[in-house]
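Numbering (UniProt numbering), first residue to last: 1 to 146. Report on one structure; see the data block that follows.
See the structure below:
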């Protein structure tokens with residue numbers, strides 16, 4: 001793998017073919033991207049076939065904030081407040097961010113999205129959860145008799 005000075009900026013290509021140039025350290029917040037960079041010269045964009053450009057913008061926003069927060073030594077409470085505001089989005093965006101966090105292997109982002117969904121569910125009856133998340137019950141096949 002080339003080191004950071006060899007890369008400078010890393011190109012990431014979304015599923016809808018938009019290319020984003022981001023700093024090497026930001027790109028490496030994604031373990032998936034970091035692994036992909038180990039097998040490349042750095043000239044070609046890393047293809048992110050499961051992340052749209054709209055979602056990629058959210059991921060980059062999250063990574064930029066967390067990277068600068070780490071470098072500047074921001075407090076846990078300040079970071080938590082930013083995270084709370086960042087994840088106040090509609091269900092479709094929340095789902096896309098969660099899936100991107102999983103695909104890109106960005107543990108903090110995935111954890112934030114999953115915790116948000118868990119907090120929505122906690123304390124609510126199953127019928128509410130089914131309605132809220134549009135869950136359709138699938139009838140199980142009858143048990144075979146011997």
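Each residue gets a CB set at the ideal place from its N, CA and C atoms; glycine is no exception.
When the beta-carbon positions are compared, residue 51 and residue 11 stay at least 8 Å from each other. Residue 97 and residue 55 have their C-alpha atoms roughly 6 Å apart. Straight through space, the alpha carbons of residue 89 and residue 78 are spaced by roughly 19 Å.
For residue 116, same chain residues with a beta-carbon under 8 Å away, outside a window of 5 residues either side, are 87, 94 in chain order. DSSP places residue 19 outside any alpha helix (DSSP H); the residue lies instead in the beta strand (DSSP E), whose first and last residues are 19-23.
Put simply, of 19, 16, 15, 24 the residue whose alpha carbon is nearest the alpha carbon of residue 9 is 24. Annotation: residue 48 is outside any alpha helix (DSSP H) and is labelled neither H nor E by DSSP. Assignment of residue 10 by DSSP, reduced to helix, strand and coil, places it in the strand class. Note that the segment 122-138 does not touch the segment 54-72; fewer than 3 beta-carbon pairs, one per stretch, sit closer than 8 Å. Setting aside the 5 residues that flank it on each side, residue 22 is surrounded in the same chain by 9, 10, 12, 60, each with a C-beta closer than 7 Å to its C-beta; the list follows chain order.
Taking each of 76, 100, 62 in turn and checking the Cα distance to residue 32, the smallest one comes out for 100. 58 is the residue among 20, 70, 19, 58 whose C-alpha sits nearest the C-alpha of residue 110. By the criterion of a C-beta distance shorter than 7 Å, residue 112 is surrounded in its chain by 83, 87, once the five residues flanking it on both sides are discounted.
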